[in-house]
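First the structure, in the form of structure tokens, and then the observations on it.
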Amino acid sequence: MKAAAAILAALGLWQAAGILGWLNPYLLPPPTEVLRAFREVSADGALLLHIAASLKRVLTGLALSSVTAIPLGVLVSAAPRVRAYFLPLIEILRPIPPIAWIPLAILWFGIRGDAASNFITFIAAFFPLFLHTFSGVQHIEEIHLNAAKTLGAGRKMLVLDVAIPSALPFIITGFRVSLGFAWMSVIAAELIASTSGLGYMIEMNRSMTNTASVICGMVTIGALGYAMNEAVVRLERRFSWKPGRV
Amino acid sequence: MNETIFSIKDASKAFKDPRHGTSVAALEHLSLDIRRGEFVSVIGPSGSGKTTLLYLLAGFLTPDSGEVLYNGTPVSGPAPERTVIFQEYGLFPWKTALGNVEFPLKARGIPAQARLSAAREFISMVHLSGFEDKYPHQLSGGMKQRVGIARALACQPEAVLMDEPFAALDNITRELLQEEILRLWSGLGKTFVLVTHHLEEAIFMSRRIIVMSARPGRVKESVVIDLPEPRTAETKTHPRFVELKSRLMRSLREEVEKTIAAGREPGLVNDMGTIKVSR
Chain A
1 MKAAAAILAA
11 LGLWQAAGIL
21 GWLNPYLLPP
31 PTEVLRAFRE
41 VSADGALLLH
51 IAASLKRVLT
61 GLALSSVTAI
71 PLGVLVSAAP
81 RVRAYFLPLI
91 EILRPIPPIA
101 WIPLAILWFG
111 IRGDAASNFI
121 TFIAAFFPLF
131 LHTFSGVQHI
141 EEIHLNAAKT
151 LGAGRKMLVL
161 DVAIPSALPF
171 IITGFRVSLG
181 FAWMSVIAAE
191 LIASTSGLGY
201 MIEMNRSMTN
211 TASVICGMVT
221 IGALGYAMNE
231 AVVRLERRFS
241 WKPGRV
Chain B
1001 MNETIFSIKD
1011 ASKAFKDPRH
1021 GTSVAALEHL
1031 SLDIRRGEFV
1041 SVIGPSGSGK
1051 TTLLYLLAGF
1061 LTPDSGEVLY
1071 NGTPVSGPAP
1081 ERTVIFQEYG
1091 LFPWKTALGN
1101 VEFPLKARGI
1111 PAQARLSAAR
1121 EFISMVHLSG
1131 FEDKYPHQLS
1141 GGMKQRVGIA
1151 RALACQPEAV
1161 LMDEPFAALD
1171 NITRELLQEE
1181 ILRLWSGLGK
1191 TFVLVTHHLE
1201 EAIFMSRRII
1211 VMSARPGRVK
1221 ESVVIDLPEP
1231 RTAETKTHPR
1241 FVELKSRLMR
1251 SLREEVEKTI
1261 AAGREPGLVN
1271 DMGTIKVSR
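Residue numbers (our numbering), protein chains in the order written: chain A, 1 to 246; chain B, 1001 to 1279.
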């Protein structure tokens, strides 16, 4: 209720400022203009195509990072000898923002197609997921490990039946952080290194000073980001075994 | 049936004190034999190395010197044939009661279908049928420990090692589970080793009690509990029970007093390392 009131009030002020002529319509068109642009880009299905393109890249990057970061996180956590080699490497690569990889991605994969953007979302999603998995496995309780061993668990069961489920609440949180990172990064990648997607749509409309469509793209990004986060929060509640959070 | 299942020979174990970096001896030159099928309890003041002793048998710890033998071969690590029931249950919170009991069956490579029916069988042995699909946080303390017991039995162990298994439970639940364990013990013919600080519990349940000396832990004495069988609720009022209790109480008190005199009793010592005046 309060959220809706705040949003409506902000929109009202924005619209009023527009009607009163306080805003330069080229720089900040009023909400009604944005709405008109919204109808325009969705009428011919262009918006949906761009959304689909961006989503596909985010999901591809997330999938690629899931199949690499989760096993690697478990391995690095469970094997101290591997950890000594991997962790320094990862700690050096981690502070590099995903967008700083974009020039390299363009050189390696070119601007056409999805490869460059997929690579950027993969980089963005990898580190949070890896670190959360790593620390989740580190946080296994001693008694659970002892219990598993005294019940006869071999290496495979220690990983699949103890380490991963025990770390699952951490892994899902990591997944949520990764999704947010990947979503932000895909837009940045598309601004520069793509010919489709919401980022590309924004950049194309900017070059034509079609500001209302730029804002329309931004609002779409915000709404979709919010929706995806909510979806993962639900997933978290569903799959997290932590009592009290169910 | 009098062959030795566990044999500890002259074992010593010390731990590093994390605050001072000094080494504290938990067990010193401890020797002990446990026969197959025995029900043995280990009692002693806190810090006498009761849990250390149990963890040596379980294979969580290895002695600094001396030997721990299981069926004549040195213990090299934990194994389901010598499984452990923990004070804090040690149940996997991400698995249901059934999932927890299935765990050791899965570890043995039993196929899913057979595993399921076997696990249900073990759950009904501890009277928990109907709670198979509950998660540990949905169960009471006593029910959790029943799952713990069922899970240990599912290991088909030769020996069951229990580390204060009833300490977190209320008195009624504690007594019910004591009787339950005794029933299982006499039915299964396995070796049970119980670490407890609860003297009556030790007398009621055991055929032999090992009294540990104050730190560093050693076997002070081994007392045969010659009470009439089977043990029932009346056992606790039997004259022999009362006799054994006062005799063991005296023995235990001597050790507790030594511990206090050395300023080591955790509950009685404040942060300055001096003995509290109260009590």
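Think of the CB as a built atom: it goes at the ideal place given N, C-alpha and C, for glycine as much as any other residue.
Given the structure is predicted, the values throughout are model-derived calculations rather than measurements.
| Item | Value |
| --- | --- |
| Using a Cβ-Cβ cut-off of 7 Å, state whether A/Thr150 counts as contacting chain B. | yes |
| Which same chain residues, not among the five before or five after B/Ala1014, have their C-beta less than 7 Å away from its C-beta? | Ser1023, Val1024, Ala1025, Ala1026 and Asp1064 |
| For the ligand SAH, I want to know if B/Gly1044 counts as a neighbour, meaning its beta carbon is within less than 6 Å of at least one of the ligand's heavy atoms. | Annotation note on the ligand SAH: not contained in the displayed structure, which lists no ligands. |
| Give a yes or no on whether the minimum CB-CB distance between A/Pro165 and chain B is below 7 Å. | yes |
| Are A/Ala116 and A/Phe109 closer than 7 Å when you measure CB to CB? | yes |
| With a threshold of 7 Å between beta-carbons, can A/Arg237 be considered close to chain B, or not? | no |
| What first and last residue would you give for the beta strand (DSSP E) that runs through B/Phe1131? | Premise fails: B/Phe1131 is in no beta strand (DSSP E) and is neither H nor E. |
| Can you tell me the Cα-Cα spacing of B/Gly1189 and A/Gly180, whole angstroms? | 58 Å |
| Using the C-alpha atoms, what's the distance from B/Ala1112 back to B/Pro1074? | 33 Å |
| Given a cut-off of 7 Å, decide if B/Lys1050 and B/Val947 are closer than it, judged by their beta-carbon atoms. | The structure shown has nothing for residue 947 of chain B, since chain B only spans 1001 to 1279. |
| Tell me whether A/Arg245 is buried or exposed, calling it buried when 16 or more other Cβ atoms sit within 10 Å of its Cβ. | Below a pLDDT of 50, predicted positions are generally treated as unreliable, and A/Arg245, at 42, falls in that range; the measurement from the model is reported next regardless. So A/Arg245 ends up on the exposed side. |
| Please list, in chain order, the chain A residues whose beta carbon lies closer than 8 Å to that of B/Glu1088. | Ile143 |
| Under 8 Å, CB to CB, which of the residues in the region 1085-1112 of chain B have a partner in chain A? | Phe1086, Glu1088, Gly1090, Leu1091, Phe1092, Pro1093, Trp1094, Lys1095, Phe1103, Pro1104, Lys1106, Ala1107 and Arg1108 |
| Hey, could you find the ends of the alpha helix (DSSP H) B/Met1143 is sitting in? | Gly1141 to Ala1154 |
| Consult DSSP for A/Asp161 and reduce its assignment to one of helix, strand or coil. | helix |
| Grouping DSSP H, G and I as helix and E and B as strand, with all else coil, what is A/Ile140? | coil |
| Taking CB distances under 7 Å as the criterion, tell me whether A/Met157 reaches chain B. | yes |
| Below 6 Å CB to CB, which residues in the same chain sit around B/Phe1131 once its five sequence neighbours on both sides are set aside? | Ala1097 |
| Sort out for me which residues DSSP pairs B/Phe1039 with in a bridge. | B/Phe1192 |
| According to DSSP, what are the bridge partners of B/Val1068? | B/Ile1008 |
| Check whether the Cβ atoms of B/Phe1006 and B/Tyr1070 lie closer than 7 Å to each other. | yes |
| Is B/Asp1271 buried or exposed, if buried means 16 or more other CB atoms sit within 10 Å of its CB? | In this predicted model, B/Asp1271 has a pLDDT of only 37, less than 50, meaning its place in the structure is not dependable enough to derive any value. |
| Rounded to whole angstroms, what's the CA-CA distance from B/Pro1216 to B/Arg1115? Just pull it up for me. | 44 Å |
| Can a CB atom of chain A be found closer than 7 Å to the CB of B/Phe1166? | no |
| Name the one or two DSSP bridge partners that B/Thr1259 has. | Partner(s): none; B/Thr1259 has no beta bridge. |
| Return no unless some Cβ of chain A is closer than 7 Å to the Cβ of B/Pro1228. | no |
| Would you grab the beta carbon distance between A/Thr133 and A/Thr60 for me? Rounded to a whole angstrom, and I think it's under 8 Å. | Not a contact, Cβ separation roughly 20 Å. |
| Using 10 angstroms around the beta-carbon of A/Phe239, count the other beta-carbons present and answer buried if the total reaches 16, otherwise exposed. | exposed |
| Using a Cβ-Cβ cutoff of less than 8 Å, which residues in the same chain neighbour A/Pro165 once the five nearest sequence positions on both sides are dropped? | Trp241 |
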